[in-house]
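Student: One structure follows; several queries about it will come next.
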Amino acid sequence: MEENYTTAWRKLAIAVYKQPVDSRIYGIFDADVTDIVDYIEEQKKIGRNLTITHFVTAAVARALYEDVPDINCFVRRGHVVFRKDADVFVTVNIEGKDMTGLIVRKAQDLSVGEIAEIIREGARKKRSGEESGAFASKGILSKIPWPFRRMLFVLIKFWIFDLGLPFPFLNIPADPFGSIMVTNIGTFGLSYGMVALFPIGKIPAVVTMGKIEEKPVVINGEIKIRKMLPLTGTFDHRIVDGAQAGALTESAMRNLNNPQKLDQPNPHS
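With our numbering applied, the sequence shown covers 2 to 270.
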């Protein structure tokens, strides 16, 4: 299975590009989320608190799992390793000033409501000091003197990805950042951002959401005002090329066009 994903191009790209310093490519797309925003407002009236982040997480996970599984990979010692599930790492803004992150395992199976509960519970744990996982260790790592801190990061990366083992001393699981990252800079008033790939994360892409704004859009020859969500993708070119990035975008947009379907568990997973 893994050899099928280590294509000739990827063998060359792994040798040519560093990890992933000079192998980044970017893409920008504006998504019409008018129906999702209306759906969120309808659900708010009956006491459900859903956000655009929950919908994008579900849409990207299903796209990755169903339509572009060949992106759901990472590089290990010159080979491309396939991930079975679409685990999405979601960054969370805590009280407007601190960013943390949590992983939504098997997100391709979950409804938007289930994803919302997982993210809310993770945020609650962060606020109460109960956070676990990779981000919970950042305070400890930041206190280590610089020369040893860098060496420890290299050791952690080797341990959790090359060996595929959890890091016992800091309670870091074997694959702490999952398949892909989703982050929302729109909460800071930003529209677009070329977010970096986290080198220790071993993720092939980061999907960045900007601030939703009303914009004129031509639909069937008529100009209409729609709520548009700016999306920026940062991709590891060793894993993702333009065609795959386009397929991921097309599939995610198709999912976002049906918020009711995303709000149900995925029957196709």
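Just so you know, even glycine gets a beta-carbon here, dropped at the ideal spot from N, CA and C.
All figures in this text were calculated on a predicted structure; none of them were measured in a lab.
Which partner residues of residue 32 appear in the DSSP bridge assignment?
Tutor: Residue numbering aside, residue 32 sits at position 31 when the sequence shown is read from its first letter. Paired residues: 230.
Student: Suppose the cutoff is 8 Å on Cβ atoms and the five residues either side in sequence are ignored; what does the same chain contact list for residue 224 look like?
Tutor: Stepping through the sequence shown from its first residue, residue 224 is reached at position 223. Counting only Cβ-Cβ distances below 8 Å, and skipping sequence neighbours, we find 217, 218.
Student: Whose C-beta lies closer than 7 Å to the C-beta of residue 260 among residues of the same chain, with five residues either side of it excluded?
Tutor: Stepping through the sequence shown from its first residue, residue 260 is reached at position 259. Answer for residue 260: 36, 37, 40, 56, listed in chain order.
Student: If we ignore side chains and look at the alpha-carbon of each, how far apart do residue 263 and residue 152 end up?
Tutor: Here residue 263 is taken as the residue at index 262 of the sequence shown, counted from 1. Here residue 152 is taken as the residue at index 151 of the sequence shown, counted from 1. Taking the straight line from one Cα to the other gives about 43 Å.
Student: Would you identify the three-state DSSP class for residue 201, choosing helix, strand or coil?
Tutor: Indexing the sequence shown from 1 puts residue 201 at position 200. Reduced to three states, the DSSP call for residue 201 is helix.
Student: Would you report the Cα separation of residue 276 and residue 245, rounded to the nearest angstrom?
Tutor: Nothing in the structure corresponds to residue 276, since the chain is present only between 2 and 270.
Student: Tell me whether residue 164 sits in a helix, a strand or coil according to DSSP, three-state version.
Tutor: Locating residue 164 in the sequence shown gives position 163, where the first residue counts as 1. In this structure, residue 164 counts as coil in the three-state DSSP scheme.
Student: I'd like to check one pair, residue 104 with residue 179: are the Cβ atoms closer than 7 Å?
Tutor: Locating residue 179 in the sequence shown gives position 178, counting from the first residue. Locating residue 104 in the sequence shown gives position 103, counting from the first residue. In this structure, residue 104 lies closer than 7 Å to residue 179 by Cβ.
Student: Quick check for students: name the residue ranges of the beta strand (DSSP E) that lie wholly in the region 58 to 110, counting only runs of 3 or more.
Tutor: Fully enclosed beta strand (DSSP E) runs of 3 or longer: 74 to 77, 80 to 83, 89 to 95, 99 to 105.
Student: To the nearest angstrom, how far is it from the Cα of residue 33 to the Cα of residue 149?
Tutor: Sequence index remark: in the sequence shown, residue 33 carries index 32 (1-based). Sequence index remark: in the sequence shown, residue 149 carries index 148 (1-based). Each residue's alpha carbon lies about 47 Å from the other.
Student: Given a cut-off of 7 Å on the beta-carbon distance, is the pair residue 257 and residue 60 in contact?
Tutor: Here the question's residue 257 lines up with position 256 in the sequence shown. Here the question's residue 60 lines up with position 59 in the sequence shown. Their beta carbons are under 7 Å apart, which means residue 257 touches residue 60 by this criterion.
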